[in-house]
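Residue numbers (the working numbering), protein chains in the order written: chain A, 1 to 226; chain B, 1 to 226. Okay, so here's the structure we're looking at.
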């Protein structure tokens with residue numbers, strides 16, 4: 001209730017708090033589920049219960065992107081999903097290339113949920129002669145040496161890094177030099193990108209450590225460790 | 001400088017801000033790198049530069065776990081790493097089981113970085129007859145029906161869920177009923193656990209959507225979209 005910027009002429013994507021950005025994928029997932037169940041509308045209260053936040057927070061979040069709710073009616077689910085998809089760049093085709101076709105790289109390539117949302121891996125690269133030429137999800141793994149030439153002919157937006165940590169920065173630099181605008185990094189290290197490039201790190205190990213920390217805390221709370 | 005709780009008798013794991021908890025794995029990774037490079041000590045200023053936070057934040061973070069730094073000397077790297085490892089439950093063996101031995105499940109099983117830190121996957125389960133009996137990283141995939149019996153004989157702390165979203169809650173309930181205390185969920189859905197159980201969700205798709213959002217924002221900023 002407190003914000004309400006409306007649908008002004010100014011850029012609606014700027015100045016959105018990071019906490020709200022981080023909730024958008026959850027809204028997207030919940031609304032997709034509702035559409036699949038043919039639910040037509042939902043109140044901010046119901047949406048809030050599913051999001052585990054309060055209703056005024058939901059209204060405030062969504063008002064940042066324009067006011068989609070109607071008093072006493074709630075939100076039209078499919079319209080709201082469409083708007084959130086637009087905001088997140090879902091359902092418009094986003095081309096991606098992946099470097100490092102080991103087990104994790106292959107798992108990501110085969111994971112159909114990304115493709116369903118329009119995120120398409122168009123080519124895989126590796127430098128291991130044993131891996132080059134193998135087929136993963138219909139794609140033949142290319143030699144890393146061809147990366148620059150390939151991207152010149154077939155530009156992509158996102159580069160996925162599934163290499164060991166030691167190779168991650170070098171590959172990132174190559175991808176950025178070839179015009180990639182977003183890096184999705186699965187290598188267990190932090191890579192640096194210029195300001196014009198976006199980056200998202202997925203540190204699987206960090207998530208496991210945080211789980212382990214919580215377990216230790218719970219045990220300590222039960223008096224099982226000092 | 002502002003906090004400084006010292007090494008009192010009270011439980012040092014409670015009341016730690018979530019933001020600090022989330023930084024601990026980064027400290028762990030940076031300090032591991034330094035130990036590997038045989039660096040003996042580091043100032044809060046140097047550590048802060050690597051963490052991309054300021055030095056007083058570093059001192060405040062670490063003071064929450066006891067005061068490890070010395071004025072004019074800095075932190076002893078190996079001692080600090082040991083302490084953070086203890087806090088995170090690293091290097092003590094943590095037993096895990098994984099359910100859903102598809103491509104992602106197999107990638108996680110083969111990912112050696114977890115085992116290096118003491119997180120050991122001891123058994124894999126699946127319900128697909130095509131998958132049961134296959135060998136992954138030296139482990140033969142067991143029938144999901146055996147899960148309860150297995151965990152009775154060989155208790156584990158963490159259950160890793162790599163099933164489709166539709167099976168995730170059912171498997172979580174089974175794991176919890178069999179004494180699992182932590183759930184590491186890779187299924188693209190939210191699962192519920194009782195208060196006595198810890199959970200950490202890894203939503204790969206959400207991370208990709210946030211990257212996509214950033215890309216759209218950058219484009220908008222450059223005037224490439226409305």
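Virtual Cβ for every residue (Gly too), placed ideally from N, Cα, C.
Query, Result
"Local conformation of residue 106/A per DSSP, three classes", "helix"
"Residue from 42/B, 204/B, 178/B whose Cα sits closest to the Cα of residue 193/B", "178/B"
"Buried or exposed (CB count within 10 angstroms, at least 16 for buried), residue 136/B", "buried"
"Status (buried if at least 16 other CB within 10 Å, exposed otherwise) for residue 200/B", "buried"
"Distance, residue 217/A Cα to residue 101/A Cα", "37 Å"
"Three-state secondary structure (DSSP) of residue 205/A", "helix"
"Residue 27/A classed as buried or exposed, judged by whether at least 16 other C-beta atoms fall within 10 angstroms", "buried"
"Interface partners of residue 48/B on chain A, CB under 8 Å", "Here the premise fails: no neighbours, minimum Cβ distance about 15 Å."
"Contact under 8 Å by Cβ, residue 129/A with residue 210/B", "no"
"Residue range of the beta strand (DSSP E) that includes residue 123/B", "119-126"
"Helix, strand or coil at residue 6/A [DSSP, three-state]", "Confidence at residue 6/A is low in this model, with a pLDDT of 35, below 50, so its placement is unreliable and no value can be given for it."
"Residue 17/B versus residue 191/A - alpha carbon distance", "26 Å"
"Interface residues of the segment 96-110 of chain A facing chain B [CB-CB below 7 Å]", "103, 104, 106, 107, 110"
"Element boundaries [alpha helix (DSSP H), containing residue 149/A]", "147-153"
"Cα-Cα separation between residue 106/B and residue 107/A, rounded to whole angstroms", "8 Å"
"Under 8 Å from the C-beta of residue 119/B: neighbouring residues of chain A", "208, 212"
"Bridge partners - residue 75/B, DSSP secondary structure assignment", "42/B, 69/B"
"Straight-line Cα distance separating residue 95/B from residue 120/B", "5 Å"
"Any chain B beta carbon closer than 8 Å to residue 31/A", "no"
"Residue 160/B, DSSP secondary structure in three states", "strand"
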